Every structure is written in structure tokens, then in C-alpha cells.
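A short worksheet on the structure shown next.
Number of protein chains: 2
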Amino acid sequence: MDFTDVSLVALRVFREVAERGTFTAAAAALGYTQSAVSRQIATLERAAGNQLLERRREGVALTDAGQVVLRNAAAVLDRIDATARELAGLPVAGGTVRLGWFPSAGAVLLPRAISAVRRTHPAITVTTREGSTPALVRALRAGTIDLAVIASAPPFRPPDAESPALKLETLAERSLRLAVPTGHPLAASDSVEVADLRGQRWIAGPASSSELWMGVWPGLDERPVLAHTVRDWLAKLQLVAAGAGLTTISASMASAVPPGVRVVTVRGGPQELRRTILARLPGRMTEPTALLAAALRAAALEVNPPL
Amino acid sequence: MDFTDVSLVALRVFREVAERGTFTAAAAALGYTQSAVSRQIATLERAAGNQLLERRREGVALTDAGQVVLRNAAAVLDRIDATARELAGLPVAGGTVRLGWFPSAGAVLLPRAISAVRRTHPAITVTTREGSTPALVRALRAGTIDLAVIASAPPFRPPDAESPALKLETLAERSLRLAVPTGHPLAASDSVEVADLRGQRWIAGPASSSELWMGVWPGLDERPVLAHTVRDWLAKLQLVAAGAGLTTISASMASAVPPGVRVVTVRGGPQELRRTILARLPGRMTEPTALLAAALRAAALEVNPPL
DNA sequence: ACGTGGTATGCGTAGATGTCATGGACTTCA
DNA sequence: TGAAGTCCATGACATCTACGCATACCACGT
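Those sequence lines, one after another, are chains A and B.
Quick note: to get my numbering, add 454 to the position in the first sequence (first position is 1).
Quick note: to get my numbering, add 454 to the position in the second sequence (first position is 1).
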């Protein structure tokens with residue numbers, strides 16, 4: 455078969471795989487079986503005459519040919535979907551931005567930026583989705599989102615090595631703080647010593663490859679006691695308020711913590727910095743995308759003035 | 455079925471139908487049966503939720519929804535084909551212009567413009583195809599060609615009424631002449647009287663709806679004697695040279711007539727003007743397209759200086 | 001050695017997509 | 001007015017495709 459006869463279904467599957475990173479996840483997202491995804495990709499590769507994906511243990515990586523196909527598939531599918539909307543009589547969605555964000559950005563930065571945009575440009579529709587940094591980067595490359603707010607920790611490496619390189623812009627540098635229950639001994643003052651953190655119980659996020667235990671103060675010289683692993687920030691902070699343990703939190707989220715939680719700084723040890731980064735594909739932005747990017751910049755300045 | 459799940463085959467069939475004007479012709483062009491085309495269009499219409507084509511006696515006309523689909527289908531298919539070329543390692547064809555032309559333009563204007571472009575911009579590839587004015591207009595709208603050189607006769611109506619309106623630019627006004635065999639009594643002088651054309655034998659093109667007998671001097675007060683009907687200009691002029699009859703010819707082609715043929719003007723009767731028009735879709739032209747358009751303008755000036 | 005998280009593949013079936021043949025609507029021409 | 005030509009639509013039938021299921025396979029970590 456020739457590539458000119460690929461089916462749109464195959465392209466959709468391919469985009470989803472590129473975005474999810476594994477066949478299995480893509481299958482789940484699409485309501486297919488993993489088997490169907492495997493076959494679709496296989497026939498797509500046959501049609502392309504090239505291997506499109508490198509199958510790795512931890513998922514798939516796009517080959518050069520795969521990147522070619524992804525770029526074009528994203529454009530084609532967008533256009534098809536736009537056509538469908540147009541036929542259905544819906545607005546052509548020229549005024550839409552799709553934003554992806556990592557969880558810590560959702561509490562403060564995101565609501566501010568979005569309400570700012572809604573105030574100044576009511577015609578613009580902003581849709582968002584949460585995701586991990588690698589998921590968001592894949593989504594950017596798959597053309598499923600226009601902007602991504604991602605986190606970066608020292609040594610601040612670019613989030614992927616594919617080409618074209620993503621456009622990165624640091625929105626803020628956030629210092630890491632500690633969230634403690636108000637009744638806790640460590641909550642007595644505005645700051646605690648890193649040495650006092652020994653023997654504490656921690657509330658961490660689910661284990662991820664990038665950061666070993668998100669939520670545990672980095673660089674402790676002991677193996678931390680993980681009392682809970684929680685992904686959701688509200689649940690996490692309520693657990694802190696309930697005295698179930700401590701967790702790390704970005705300084706910029708201090709204004710959003712519920713009662714019963716105190717945010718304190720940690721003295722001693724290295725300065726723990728995290729960057730909030732705005733990422734996008736290189737090239738021209740649409741008007742709404744540029745406006746949302748500006749709003750995010752402004753909100754970042756408000757929330758977290760430069761040190 | 456949803457429009458987002460249309461098959462590329464259906465879009466290809468649709469584009470071909472839009473370009474050829476009938477299901478039957480599209481089927482022939484694609485190597486399908488008419489029945490298959492009919493079904494493909496039917497399912498496409500079901501997916502689109504709208505009728506896309508008005509079935510008329512003389513062929514099909516696009517509905518509004520049909521125009522939406524055509525615009526987008528053309529873009530999508532182009533992109534897919536570009537991807538296929540890219541995967542095959544071929545150049546991305548950014549330097550290609552596709553030109554359509556009506557037969558009379560092929561003898562003089564077309565070769566000049568093309569060789570001019572080749573001289574000044576060797577990197578640009580020009581591909582061309584011949585076609586009738588309606589076929590070329592459909593091809594423009596189907597995105598299969600970038601520029602069309604078409605003919606227009608009084609009252610110089612635009613070649614179609616669809617939207618967006620085509621960008622039209624008059625390249626030249628050509629006056630109509632008469633081609634006679636060198637031995638013929640009418641070849642004695644540079645011009646003949648319209649009254650002398652009575653009773654002549656004519657070589658005409660195949661009957662078409664637009665112009666009743668292309669090749670017969672217009673406005674004769676008798677029913678003309680059609681000795682031959684010929685489409686090809688070389689054959690037509692050789693028949694003239696052989697004394698088989700007379701035919702009309704554009705003044706701009708005078709330099710290309712073979713030995714044995716004389717081109718004379720006709721006095722009396724209205725001035726018979728034909729316009730050579732450059733047509734394209736509105737919107738930005740690619741660089742190569744703009745260059746070819748300029749070359750066509752220049753060639754038209756050379757061949758046929760303004761009256 | 002085994003469980004975990006990933007991809008590939010044999011097999012059977014349901015649906016999509018062709019062809020063929022035919023029919024209906026309409027125009028043109030004698 | 002009837003015959004022929006030119007369209008498109010559709011019923012009957014034959015593939016061929018693409019799916020799900022089950023299972024095999026493979027690399028890694030415990």
C-alpha cells in the first residue's frame with residue numbers, strides 16, 4: 455500500500471500513540487484493544503515504507519520518519535476536525551487555545567491567567583488539560599495542545615531532544631517550601647532547619663521517573679517514610695491539614711493552601727529552585743495563543759515576582 | 455458515521471468528482487465504476503450530514519457544504535501527498551507550480567512563459583495540463599492546479615458563480631482572425647470581407663455548449679458547412695493547409711501557423727475579441743506561482759501587445 | 001524464577017467497499 | 001412521440017479489511 459492511501463483512523467491512532475507514549479495507553483484512550491493499535495501502526499509503517507516508532511521498554515520514541523508523519527498527521531487531523539465543526543454549523547474555533555499544565559500550576563497560575571483572558575478577550579475560548587511534563591511535551595508535538603506550562607528542576611535540561619526544538623520561556627522561578635499542619639511543632643516559626651526534617655512522615659506523589667519522590671524534601675540523608683502517596687493537591691493538602699504528614703509545595707501556591715496548613719521555608723541545604731516554563735512548538739502563534747501566553751506571563755509575575 | 459471518520463478515499467473521490475464534473479468521468483479517471491463513486495459520495499454525504507452535490511443534468515454542482523468539504527479535502531489530500539513524497543525522500547515540491555491552459559494558449563503563450571521561467575529560475579518546476587475552461591475552473595477549485603489560463607468571449611462573464619470568486623486578470627485581448635490555405639482566393643490579400651465568407655467550408659472544433667461552433671466565423675447569416683470537426687490545433691491547421699476548409703484562429707497564434715496557411719483579418723461585422731485570462735483562487739500565491747504568473751504576463755505582452 | 005508492563009500475532013467474524021446488472025429520470029434528435 | 005444517450009441510484013453478491021480475543025513473546029526488576 456502507498457502512503458497516499460493511509461486511513462485517517464491510522465493517523466489518529468498514530469497521533470494518540472505519539473501523545474500517550476505507549477500502544478497500550480493509546481488503545482485505552484481510543485477505546486481500542488492494544489492489538490488493534492499494534493496492527494494499525496504496523497500497516498501505517500508498511501505504508502510509510504519506514505519504521506515510524508522505536509519500541510523501547512518504557513514506551514515508544516519517534517524515528518525521523520515518525521516525526522515527519524506526526525507533523526503532517528496532526529495538521530491533517532486538525533483540518534478534518536475543523537471541517538466537521540464547520541459542517542455542523544459550529545464556529546470554526548479560530549478563537550480557541552488549548553493549554554496543557556502540570557498539576558502545581560493548576561491551583562493559582564492557571565485560574566488567574568484564564569480569568570484575565572476571559573476578562574480582556576471574552577471571545578477567546580481556552581481549553582485545558584492536566585498532564586505530566588513528558589505527556590504535555592508529547593501533546594505539544596502531536597499538535598493536541600498549543601501551549602504547555604511545565605515544571606523543570608535543576609539542572610534545567612530541555613524536556614526532550616527531538617527536533618524541532620521546543621520554544622521554552624521561563625515564566626517563574628519558584629522556591630520550594632514545606633507544607634506543615636498548623637498544630638505541628640515545625641509550624642511554630644516561619645522557617646525550619648533542614649536537620650529538623652529527619653524522621654518526619656511524608657506525603658508524596660506517585661513515583662515517577664523524573665523526580666524520585668515528589669513531595670519529599672530533596673537531599674535528605676535518610677530513606678524517607680512515605681505515609682501516603684497522593685496525586686491530587688487538594689487531597690494532599692487536606693492530608694497535611696489533618697496531620698497525616700508533610701509535603702513540599704511551591705512557594706507560588708502559598709496563597710491557595712486551605713486552613714490548617716502552614717507554608718514555611720527551609721533553611722540549610724541548597725536553595726531548592728523549580729522553574730515554571732512555558733513551552734510551545736516553534737513557529738508562528740495564533741492570536742489567541744499569543745494572548746494566553748501573555749496572560750500567563752503576567753500572572754506569573756503577579757504570583758511569583760522575580761527573586 | 456461522523457465526518458471525523460471519513461476515509462481519504464472518499465475525499466479523493468469527492469475531489470475528482472468536483473474536478474471532473476460528473477460521477478462517471480470521475481470514476482473513469484480513478485479506475486472505479488460509476489457505481490462505486492456513487493456509493494462513496496453517498497456515504498460521504500451521510501458523514502457530512504449535508505448534501506454536498508446537486509445532481510444536475512449536465513453534471514454536478516457543489517452545495518455550500520460541498521464547497522466547505524472541497525476546500526478542506528484539497529488541503530488535506532495535498533498534505534498527505536506531500537507527506538508521502540517526504541517519506542519517499544523526494545523534494546518537498548515547494549518549487550512546483552501546476553498550470554492549466556486552454557488549447558489555444560498552448561501553441562505560443564505557454565512555451566514562451568515556461569522557457570522564460572526555466573531560464574530565470576531553473577529550480578522551479580512547472581507542470582501543466584490542458585483542459586476546457588470549465589474543467590480548468592473546477593481544477594482550480596479542487597486545488598489540483600495553481601493557475602489557469604482560460605479564454606473568455608464577450609460578454610466576458612466570470613467563469614463560475616461559486617464563492618470565493620476567482621481572481622481574474624486579463625492577460626491579453628486577442629482579435630479573431632481567419633486561417634486560409636495559401637492557395638485560396640481569400641489568401642490574396644491581408645484582409646477579406648465578412649460577406650466573402652458565405653458558402654465556405656469550415657473546420658470546427660467539437661461542439662461545446664459555450665460556443666456553438668468554435669472555428670466558424672461568428673455571426674454568419676447562413677448555416678455553415680462543417681467539413682471537419684477537429685480538436686487539435688496542429689491537425690486543424692494542416693487541414694487548412696491541405697485546402698480542406700477555413701477556420702478561425704487567434705491573432706496571437708499567427709506566428710505558429712505552419713507553411714501553407716495564411717492568417718488574414720476579416721473586415722465588416724463586429725470586432726471579434728477574445729480575452730486570455732489568468733485565473734487563480736484568491737489568497738496568497740506561493741513564490742513559484744507568482745513567478746509563473748509574472749512570466750505569463752510578460753509573455754502575453756510580447757506575443758500580443760495591447761491594442 | 002516470577003511478576004510486571006510492554007508489543008506481536010493466529011484466528012474467527014462483522015462490516016466496509018468494490019463490481020455487476022438493472023432501473024429511473026431527463027434531454028436530444030428524428 | 002418514440003428511441004437513444006447520458007446521467008445517477010440501488011439490490012445482490014464477493015472480497016478484503018480491521019477488529020476483538022487469546023496467547024505468545026520480550027526485557028526488566030525484585
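Glycine is no exception: its CB is placed at the ideal position from the N, C-alpha and C atoms.
Here the structure is a predicted model, which means the values were calculated and not measured.
The criterion of a C-beta distance shorter than 9 Å is satisfied by E623 (chain A) and A733 (chain A).
In its chain, beyond the 5 residues on either side, G597 have a beta carbon closer than 8 Å to the beta carbon of A529 (chain A). Where V757 (chain A) is concerned, the enclosing alpha helix (DSSP H) starts and stops at E741 to V757. Cβ-Cβ distances below 8 Å link L531 (chain B) to L462, L465, R466, R469 and G597 in the same chain, with the five nearest sequence neighbours on each side left out; the list follows chain order. Between L590 (chain A) and A602 (chain A) the beta-carbon gap is near 4 Å, inside 8 Å, which marks them as a contact.
The DSSP-derived three-state label of P635 (chain A) is strand.
Closer than 9 Å to the CB of S461 (chain A) there is at least one CB belonging to chain B. Counting other Cβ atoms within 10 Å of its Cβ, L620 (chain B) reaches 16 or more and is therefore classed as buried.
Setting aside the 5 residues that flank it on each side, G554 (chain B) is surrounded in the same chain by R583, G585, L590, A593, I599 and A602, each with a C-beta closer than 6 Å to its C-beta; the list follows chain order. Distance from the Cα of P613 (chain B) is smallest, within the candidate group B:A754, B:R729 and B:A479, for B:R729.
For A570 (chain A) against M707 (chain A), the beta-carbon gap comes to about 18 Å, at or over 8 Å, which does not count as contact. Sequence-ordered contacts of the stretch 511 to 535 of chain B with chain A read A519, V522, V523, R525, N526, A527, A529, V530, L531, R533, I534 and D535 [C-beta pairs closer than 9 Å]. L651 (chain A) is a Cβ neighbour of L700 (chain A), given a cutoff of 9 Å. Nearest CB-CB separation between D456 (chain B) and chain A: below the 9 Å threshold. Note: R509 (chain A) is bridge-paired with A:V514 in the DSSP secondary-structure output.
If you look at S606 (chain A), you'll find it in the beta strand (DSSP E) that goes L601 to S606. Secondary structure note for A472 (chain A): its alpha helix (DSSP H) is the uninterrupted segment L462 to R474. Within the stretch 538 to 553 of chain A, the residues whose Cβ lies closer than 8 Å to some Cβ of chain B are A538, E540, L541 and A542, listed in chain order. Rounded to the nearest angstrom, the gap between the Cα atoms of V634 (chain B) and S704 (chain B) is 13 Å. Within chain A, the residues L541 have their CB atoms less than 7 Å from the CB of A502 (chain B), given in chain order. Under DSSP, the beta-bridge partners assigned to I731 (chain A) are A:I604 and A:T624. Under the three-state reduction of DSSP, R611 (chain B) is assigned to coil, being neither helix nor strand.
Residue ranges of uninterrupted beta strand (DSSP E) with 3 or more members, entirely inside the stretch 652 to 717 of chain B and ordered along the chain, are 655 to 658, 679 to 683 and 701 to 704. A direct Cα-Cα distance of roughly 17 Å separates T702 (chain A) from S643 (chain A).
Within 10 angstroms of the beta-carbon of A577 (chain A) lie fewer than 16 other beta-carbons, which makes it exposed. Of the residues B:G475, B:L691, B:V491 and B:L625, the one whose Cα lies closest to the Cα of R511 (chain B) is B:G475.
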